[in-house]
Each structure stands twice: as structure tokens, then as C-alpha cells.
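These notes concern the structure reproduced below.
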Amino acid sequence: MRYEPLTGEPVAAVVRAGHPLLERAPLARADAQRAAWVVPPAGSVLRRRVERMFQRASLTPPANVVETAALLFVTRVLERSDMIAVLAEDIARYYATHGIVAMLPLEMDGRMDDFGIITRTRCTRPRRA
1 MRYEPLTGEP
11 VAAVVRAGHP
21 LLERAPLARA
31 DAQRAAWVVP
41 PAGSVLRRRV
51 ERMFQRASLT
61 PPANVVETAA
71 LLFVTRVLER
81 SDMIAVLAED
91 IARYYATHGI
101 VAMLPLEMDG
111 RMDDFGIITR
121 TRCTRPRRA
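Counting with the UniProt record's numbering, you get residues 1 to 129 for the letters of the sequence shown.
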């Protein structure tokens with residue numbers, strides 16, 4: 001098997017338009033840590049990376065969290081609250097362009113796993129009948 005990485009996937013913090021933290025510049029991780037978050041389920045890769053991002057800044061991960069893997073639920077919760085969520089940056093930009101979310105000016109050093117193409121090597125082709 002051969003793996004050819006295509007790209008890594010950076011993440012972005014997103015909130016509803018008009019969120020109070022959008023007015024803070026610069027935004028400190030401690031400010032975000034005190035907020036309520038919509039996060040992926042415990043044990044997921046992205047959840048662990050978000051938690052490590054806070055730990056590297058000598059902060060405990062946010063305690064006030066709602067867990068979900070459902071993107072539609074994330075967007076609905078953000079519309080109706082002051083919670084913060086983490087999305088893949090491409091999705092966050094797309095949603096922000098359409099006014100569904102706003103990108104929070106918070107440096108996110110966590111990433112989704114790289115994705116790529118897996119192909120078989122040394123594969124023999126079946127003979128024709």
C-alpha cells in the first residue's frame with residue numbers, strides 16, 4: 001500500500017454573527033476558554049486536539065461544553081447562543097461567506113488529520129478469460 005497525502009485540514013473557531021467576542025482584539029485563549037463550546041464527542045481526534053491547544057497555553061480545556069458530531073446541530077446551536085465551535089477551516093469560510101457563522105479571530109493550532117489517496121502497490125491484474 002502507498003499513501004499519498006493530499007492536504008492537511010486546518011480548523012477555525014466560529015460563532016454567530018454579532019457574538020460579543022468578535023469585538024475583542026486581540027482575543028486571548030483565556031477569553032475563549034471561559035466561553036461555552038460546541039465540541040466533537042469525547043475521544044475524537046479533533047476534540048483531543050482542541051483540548052491540547054488549551055493545555056499548551058497552560059489552560060484547562062473549556063468545561064462548559066455541548067458534545068455533537070452533527071454539523072446541522074452545531075450551526076443551529078450557534079444561531080441561538082453565544083457558544084463557540086470548531087470547524088474545518090474550509091467549511092468555516094464557506095459558512096461565513098453565506099452569513100451562517102462568523103470566524104472568531106482566535107489562533108487555532110489544532111488540525112484535522114491529513115487526508116489522501118491509498119493505492120495498492122505490486123498488484124497483479126486478473127487474467128482475462
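Positions of the beta carbon are idealized from the N, C-alpha and C atoms, including for glycine.
Predicted model, so just to flag it, every value in this text is computed and none were measured.
In chain order, what residues of the same chain lie with their CB nearer than 6 Å to the CB of residue i, ignoring the 5 residues before and after it?
i, result
"D109", "M53"
"E51", "P61"
Would you tell me roughly how many angstroms separate the C-alpha atoms of residue i and residue j, rounded to the nearest one?
i, j, result
"P105", "L22", "7 Å"
"A30", "Q55", "11 Å"
"A42", "L71", "16 Å"
"residue 135", "A57", "Look at the range of the chain in this structure, 1 to 129, and you will see that residue 135 is not part of it."
"Y3", "T121", "10 Å"
"Y94", "R34", "27 Å"
Beta-carbon within less than 8 Å of residue i's beta-carbon, same chain only, minus the 5 sequence neighbours each way: which residues are those?
i, result
"A32", "A13, L21, P62, I84, L104 and L106"
"V65", "A36, W37, V38 and V39"
"G99", "A17"
"S44", "A69"
Report, in whole angstroms, the separation of the C-beta atoms of residue i and residue j, which I expect to be a contact under 8 Å.
i, j, result
"L46", "V86", "7 Å"
"A102", "A96", "6 Å"
"M1", "I118", "6 Å"
Can you have a look at residue i and say buried or exposed, based on whether 16 or more other CB atoms are within 10 angstroms of its CB?
i, result
"P40", "buried"
"A92", "buried"
Tell me which same chain residues have a C-beta within less than 7 Å of the C-beta of residue i, skipping the five on either side of it?
i, result
"T68", "V38 and V74"
"R128", "none"
"R24", "D31"
Within 8 Å, do at least three Cβ pairs link the stretch 78-96 to the stretch 3-20? yes
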